[in-house]
Structure formats: structure tokens, C-alpha cells
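S.K.: With the first letter of the sequence shown counted as 1, position 73 gets the number 498 in this note's numbering; the numbers rise by one all the way through. Sending over a structure as C-alpha cells; questions will come in a sec.
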Amino acid sequence: MARQLTEKQQKFLDVLFEEARGNLHEAKKLAGYAPEQSTNLLVISLRDEILERTNTYLAQNAPRAAMAMVGALIDPTELGIKEKMQAAKEVMDRVGIIKSEKIQVETSGGVMILPPKRMDNDD
426 MARQLTEKQQ KFLDVLFEEA RGNLHEAKKL AGYAPEQSTN LLVISLRDEI LERTNTYLAQ
486 NAPRAAMAMV GALIDPTELG IKEKMQAAKE VMDRVGIIKS EKIQVETSGG VMILPPKRMD
546 NDD
């Protein structure tokens, strides 16, 4: 169950990923907090909500990251493509879309070592 937030707290969270573009001080100002209000204490009090919104924001941008990766196939000479690809990879990693790695193991002949046989002495 989500906890009840004040109007200012809700406004802070709403503007943080929109008009403030992640700038905590700007979001605090837009939400109507006094300049003397500690930004650090505000963030501590809203830590869980900020992390939840951050995860949502990354998930919302995962399709854009995927498009950027595929776009590199179309125009690999685009200026700054290496940095764009790295940023896209980081976003995709953080939302849980990871590259799969497959390892193929081959063998010909070889030795299989088994554990020793148990000897039951009923004598």
C-alpha cells in the first residue's frame, strides 16, 4: 500500500522527471518548497518513491534505447554513436534486458571420474 504524500511531496515527484529534468533543486522550487528546505532531507523522506519513479522512467525509455541500438545498424557512422550505444546498453541493463551469452562445450574422448563405490560389510 502506497503511503499518503503531502501535496508538495506529490508535486515534487511529478515535476522531478518532467519540467525539472532530474534536477532536485529545480523540482523542490517548482513544488513550492522554501529555499531553506533541505534538499537532502526531502530526498531522504521520499527515497523509496524516487527510486520507484526512477525505475519507471528507465522502463519508459527502454524502447528508445532499443531503437538507438538498432539505429546504429542503419547508420554506424553517426557522430557520437559509441557513446549513444553505451548509454542505450546501460539503460537496457538497468531495466533487466541483458544480452544472453551462450557457451558451447565440446569434448572428444576424455576421462570421467566417479565417486568411489560404497562397500557394505554385513559380516
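C-beta: ideal position from N, C-alpha, C; glycine also. Being a predicted model, the structure only gives us computed values, none of them experimental.
Pull up the distance between the alpha-carbon of K454 and that of E477, whole angstroms please.
M.R.: 22 Å
S.K.: Are the region 452 to 469 and the region 481 to 488 touching by the rule of at least three beta carbon pairs closer than 8 Å?
M.R.: no
S.K.: Quick check on the burial criterion: 16 or more other C-beta atoms within 10 angstroms. Buried or exposed for A490?
M.R.: Counting the other Cβ atoms within 10 Å of the Cβ of A490 gives 16 or more, which makes it buried.
S.K.: I want to check one thing, is the minimum distance from the CB of Y458 to the heavy atoms of the ligand SAM below 8 Å?
M.R.: Annotation note on the ligand SAM: not contained in the displayed structure, which lists no ligands.
S.K.: By Cβ distance below 8 Å, which residues in the same chain neighbour A497 in space, the five residues on each side in sequence not counted?
M.R.: The answer, listed in chain order, is E503, I506, K509, M510.
S.K.: Let's see if you can read the secondary structure: which residues bound the alpha helix (DSSP H) around L483?
M.R.: 472 to 499
S.K.: Where in the region 440 to 475 do unbroken runs of the alpha helix (DSSP H), each at least 4 residues long, occur, reported from the N-terminal end onward?
M.R.: Listed in chain order, the complete alpha helix (DSSP H) runs (minimum 4 residues) inside the region 440 to 475 are 449 to 455, 464 to 470.
S.K.: Alpha carbon to alpha carbon, how far is H450 from T431?
M.R.: Inter-residue distance for H450 and T431 is about 18 Å (C-alpha atoms, whole angstroms).
S.K.: What is the rounded straight-line gap between the Cα of A487 and the Cα of Q462?
M.R.: Going from the Cα of A487 to the Cα of Q462 covers about 34 Å.
S.K.: For A493, which residues of its own chain have a beta-carbon under 8 Å away from its beta-carbon, when the five flanking residues on both sides are left out?
M.R.: Residues of the same chain with a CB within less than 8 Å of the CB of A493, apart from the 5 flanking positions on each side, are K509, M510, A512, A513 in chain order.
S.K.: Please state if the CB of L438 and the CB of I475 are separated by a distance shorter than 9 Å.
M.R.: yes
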